[in-house]
Each structure stands twice: as C-alpha cells, then as structure tokens.
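Going from the sequence shown to this note's numbering is simple: count from 1 and add 1.
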Amino acid sequence: MAQMRLDKLLAQAAELPRSKARREILAGRVTVDGVVCRQPDQKVESDAALGLAGRPLCWQQQIYLMVDKPAGLLSASRDASCRTVVDLVRDQYPRRALFPAGRLDKDSTGFVLLTDDGPLAHALLSPKHHVEKVYRVTLDCPATEEMRRGFAQGVTLVDGQRMLPAGLEIDSEDPAGVTVTLHQGVYHQIKRMFGVYGAGVVTLRRVAIGGVALDPTLGPGGSRPLTAAELARLRGVLGELGEPADFARQDG
C-alpha cells in the first residue's frame with residue numbers, strides 16, 4: 002500500500018485546505034489508527050484509519066458518482082459561461098478534481114459518471130472496449146422496421162462513417178419512443194444515425210452504462226456514489242484497463 006504525508010492524506014479525507022490540515026495535526030486533533038499524531042510530514046499508509054476531533058473519517062482515494070444530468074448543463078468540469086454537471090456536486094467535493102467519464106449533449110439528460118479515476122475513465126471511453134450504453138429516445142416520427150434492421154447491420158452516416166451494429170427497440174404503444182443500445186461513442190451518434198432515415202431526435206436520455214442502470218430515485222440533478230457492486234460491474238466489463246481515449250468524444 003502506498004504511503005502519503007499525513008497532512009496531504011488528511012486534506013483529502015476531510016476535504017480541508019492543506020494549511021488547515023496541518024493546524025489540526027499540530028493541535029493534536031488527528032489520530033492515525035487510533036494514535037494521536039502531531040507530525041504533518043509523517044508518512045502513513047494511504048488506507049490508514051484517520052480520526053479528526055474524535056470522529057472517524059470515511060473517505061475514498063477515488064470518487065465514482067452516478068449523476069442524473071438535467072438538460073441545460075454541459076458535460077465538462079468547468080465552463081466560464083455555463084453550468085456544468087460537475088457544478089452539481091462541487092460543494093460536496095470541493096477539493097476533488099472530478100470530471101465526466103463520457104459526455105452527453107447540453108440538451109440530453111441521464112446517466113453521467115463523475116470520477117477522478119483517470120485510468121478507469123479512459124478505459125470506459127476506449128474504442129477497443131465497446132462499453133455498452135443504453136438510451137431512451139423520443140423521435141419526431143414513428144420508428145420503423147427499416148431503422149431497426151439498419152441499426153442492427155451498422156448504419157453508414159452521411160459522411161461515410163460506418164457505425165458498429167446497435168440495438169433498436171421500438172415501443173409497441175408509442176412507435177416514436179425507442180431504446181437504443183450503443184457500443185461506441187461518436188459525436189452526436191444517435192442523432193446522426195436517425196438522421197440517415199430522415200428522423201429527428203426530440204429527447205435523449207442515457208439510462209445505463211456498462212450494465213449499471215441509472216438509479217430512478219435520483220431525479221434531475223441528483224447524485225450518489227456507485228455501490229461496490231456497481232463499481233465491480235464496471236470493472237468486470239472493462240477487464241484490463243485500456244489505452245487513453247479522446248475525452249472530446251460525445252454521444253447523443
């Protein structure tokens with residue numbers, strides 16, 4: 002297990018500025034595995050049990066958050082003129098460098114994974130993994146069997162790009178409502194695929210990533226950490242971590 006300076010570890014665990022973490026340590030308010038430590042530069046194991054002012058600190062070396070992105074937010078860490086999906090949780094994690102592992106259009110909604118785990122995010126986006134993502138889509142016209150067959154074979158976009166085969170399920174009660182399953186991420190992919198058939202996308206909502214379903218109790222703007230089982234599911238889908246991918250990739 003890696004070792005870290007105590008002041009750095011405490012700053013991460015308690016979401017404190019490094020200077021305040023040092024003051025807490027020097028004041029004797031910090032314990033490491035139950036023992037008071039007054040040395041900010043002491044090296045401790047990164048999985049040590051920390052306490053501050055008599056209370057245990059539960060923390061994660063890395064954060065994995067399921068967010069139900071509302072329309073109107075950018076899938077980015079920061080933007081000078083528009084709110085981002087990270088702004089939804091910034092007050093909860095003020096010192097974490099969180100970013101979206103994959104993107105949705107500004108007007109699209111649904112599951113965005115926020116994390117500070119770069120290797121896992123890269124692997125989720127890597128073209129070689131073909132991580133499954135599921136979307137609920139409303140069209141401006143009824144979907145057809147021609148579309149379903151075309152998606153299954155792999156749609157060729159107007160610019161000549163050939164997409165991987167994709168799933169298309171048509172709602173039997175409302176043919177303008179469909180569920181799309183993708184195994185790749187190309188800029189505005191779903192809109193461009195339906196555009197080949199002259200259909201427009203009215204709404205697009207991502208409901209699952211890598212077999213992990215969006216929690217329906219969150220509601221727009223809601224978030225929660227992934228459970229251990231959900232994170233294990235993602236890691237199981239990925240297998241070995243893949244090569245870095247292009248974070249500019251955008252679905253929808």
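Using N, Cα and C, we set each Cβ at its ideal position, and we do this for glycine too.
{"Item": "According to DSSP, residues forming a beta bridge with A209", "Value": "V135 and A214"}
{"Item": "Ordered list of beta strand (DSSP E) runs contained in the stretch 104-132, each at least 3 residues", "Value": "110-116"}
{"Item": "The stretch 162-178 in contact with the stretch 143-152 per 3-pair CB rule at 8 Å", "Value": "yes"}
{"Item": "Any C-beta of chain C under 9 Å from that of G212", "Value": "The structure shown contains no chain C; it is built from a single protein chain."}
{"Item": "Distance cut-off 8 Å: H189 Cβ against heavy atoms of the ligand ATP", "Value": "Questions concerning the ligand ATP fall outside what the structure shown contains, since it holds no ligand whatsoever."}
{"Item": "DSSP state of R236 mapped onto helix, strand, coil", "Value": "helix"}
{"Item": "Same chain only: Cβ atoms within 6 Å of D42, ignoring 5 sequence neighbours per side", "Value": "R6"}
{"Item": "Whole-angstrom distance between A209 and R79, CA atom to CA atom", "Value": "24 Å"}
{"Item": "Residue range of the unbroken beta strand (DSSP E) whose run includes E1", "Value": "Lying before the first or after the last residue shown, residue 1 is absent from the chain, which here runs from 2 to 253."}
{"Item": "Beta-carbon gap between G186 and L99 smaller than 9 Å", "Value": "no"}
{"Item": "Coil, strand or helix - S224 by DSSP", "Value": "strand"}
{"Item": "Beta-bridge pairing of V37 - partner residues as DSSP gives them", "Value": "T32"}
{"Item": "Sequence-distant residues of the same chain with beta carbon closer than 7 Å to R39, five excluded per side", "Value": "I26, L27 and G29"}
{"Item": "Limits of the unbroken alpha helix (DSSP H) element including E146", "Value": "E146 to Q154"}
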